[in-house]
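Letter by letter, the sequence shown follows residues 8 to 337 in this note's numbering. Glycine residues also receive a C-beta, built at the ideal position from the N, C-alpha and C atoms. A quick note: this is a predicted structure, and the numbers were derived from the prediction, not measured.
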Amino acid sequence: MKFAVLNPGGRDRDQLFPDGAGTPDDPGHPPVNYHAYAACCQGGFFRSVDAIPKGTGRVLVLLRKRNLRKALACIASLRKRGSQVFVSCKESGGHQVADLLGDVTRWQLFQEICAAADGAISSTPELAPIYRAAGCARVEFIPTPYPVDSPAWNFTQPLEKRRGIFIGTREFGTPSRNHLAAVAMADEISRDLSCPLAVVNTEGRQGGMILKSLRKNNPLLFIIEAPLPYPDYLRVMALHRIVWQLDSSSVPGQVAGDALLCRMPCVGGNGVIDRIAFEEFAEAGRDELATRARDLLQNDEAWHAVDHRAQANAQELLSFQAIGGKLLPL
């Protein structure tokens, strides 16, 4: 095996990706986020060092708040076996990294980890200076890939079957997600244009109460209760014209990545995939984003133009072929 991802003590089961992205019907975790690093190299995702095949050339060790000591031991074990070892924070949004490293004991452990590893793979450019400051000799910014080059993962629907807005974020209580602001702005657009608005509720009764209070004035607001299997989630998303978000967390960008698989515009958000695939929206203010969203909801030509540019950017810079070509030669 040329490339493996290790999440020491994690919950996700060991998984091999011999066929790369595979199909949406395959069991296990879909080939997105950090699993995608393994999948685009036809590698594997593991929970323990012992499960990684001997002779694996490169291993990416994921760091979490509660696994830092275990990760440090894994790095030593893997290097002793002859593997080249890189590290990456599993939760790499700005607020998540602050939570991970805003403690002196964890920061010192992080420094030990960075000094012990061969380098770091940073899924966001914002995190790269932190790895360097902690002592990483080598830091590579490599976005998490999406299987846009796999026909099996094309969830597109004809434009005539699409209607309305799909909210890409959740978490009312996380300030940088700006979820309530996104729902409120989309609700106004939905009422003005008489178009459907779909929101996934992952916060149980509390989240449902907030959304139901908005639905009193907007019968076109549809609440989708989580969880949904990932392929079903994408199928629901693809029935809408745009994905809308205002996330300012500087995350890798799964919302925009999901939109790429559904072949549709993602408006708003400052994630890495947003900035690469939907760069025209990355620096726009909220008023401009709202104007662009209204245009995409009504103007077929504008919709197709945004989708075409996004897919071209993704094929070149985010596809499995593109990112696999960066990971394997490390």
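Should Gly264 go down as buried or exposed, given a rule of 16 or more other Cβ atoms within 10 Å for buried? buried
Other residues of its chain near Ala141: CB distance less than 7 Å, five sequence neighbours each side excluded: Phe117, Gln118 and Cys121
DSSP-derived helix/strand/coil call for Glu287: helix
According to DSSP, Ser95 sits in a beta bridge with which residue or residues? Leu69
Thinking just about the alpha-carbon of each residue, which of Glu295, Ala191, Tyr138 and Leu268 is nearest to the one in Asn161? Leu268
Using only the alpha-carbon positions, how far apart do Arg270 and Leu334 sit? 26 Å
Per DSSP, Val174 forms a beta bridge with which residues? The question names Val, but residue 174 is Ile in the sequence shown. Trp251, per the DSSP bridge assignment.
What do you reckon, are the CB atoms on Ser257 and Thr63 nearer than 8 Å? no
Rounded straight-line distance, which links the Cα of Lys97 to that of Val262: 17 Å
Identify the residues that DSSP records as bridge partners of Gly126: which are they? Phe93
One or two residues paired with Ile230 in a DSSP bridge: Val206
Have a look at Ile59, Glu178 and Arg54 and flag the residue whose alpha-carbon is nearest the alpha-carbon of Lys9. Ile59
Proximity to Asn224 [Cα-Cα], best of Val206, Ala245, Leu324 and Asp194: Asp194
Taking contact to mean at least 3 C-beta pairs separated by less than 8 Å, is the region 64-71 in contact with the region 95-114? yes
Does the region 209-217 come close enough to the region 240-252 to have 3 or more Cβ pairs within less than 8 Å? no
Could you check if Ser220 is buried or exposed, using at least 16 other CB atoms within 10 Å of its CB as the buried criterion? exposed
Cβ neighbour criterion (16 or more within 10 Å) applied to Arg184: buried
Per DSSP, Leu193 forms a beta bridge with which residues? Residue identity differs from the one stated: residue 193 is Ala in this sequence, not Leu. Answer is none; Ala193 lacks a bridge partner.
At least 3 beta-carbon pairs within less than 8 Å: the region 323-334 vs the region 289-298: no
Are the CB atoms of Asp281 and Leu166 nearer to each other than 8 Å? no
Measure the alpha-carbon distance for Cys273 versus Arg18 and round it to whole angstroms. 30 Å
Cβ pair Leu200, Asn208 closer than 8 Å: no
Segment limits, alpha helix (DSSP H) that includes Ala105: Gly101 to Leu108
Would Ala78 and Ala45 be called neighbours here (beta carbons separated by less than 8 Å)? no
Residue(s) in a DSSP beta bridge with Gln22: Phe52
List the whole-angstrom C-beta distance separating Pro15 from Pro238, where the pair is believed to meet the contact cut-off of C-beta under 8 Å. Actually they do not touch by this definition, with Cβ atoms about 29 Å apart.
Less than 7 Å between C-beta atoms, sequence neighbours within five positions excluded: which residues of the same chain meet that for Arg76? Leu116
Mind checking who Leu13 pairs with in its DSSP beta bridge? Phe53 and Val68
Helix, strand or coil at Cys143 according to DSSP, with G and I counted as helix: coil
Give the secondary structure of Val274 by DSSP, where H, G and I count as helix, E and B as strand, and everything else as coil. strand
Taking the beta carbon of Thr176 as the centre, do at least 16 other beta carbons fall within 10 Å, making it buried, or is it exposed? buried
State the beta-bridge partners of Phe148 as determined by DSSP. Ser129
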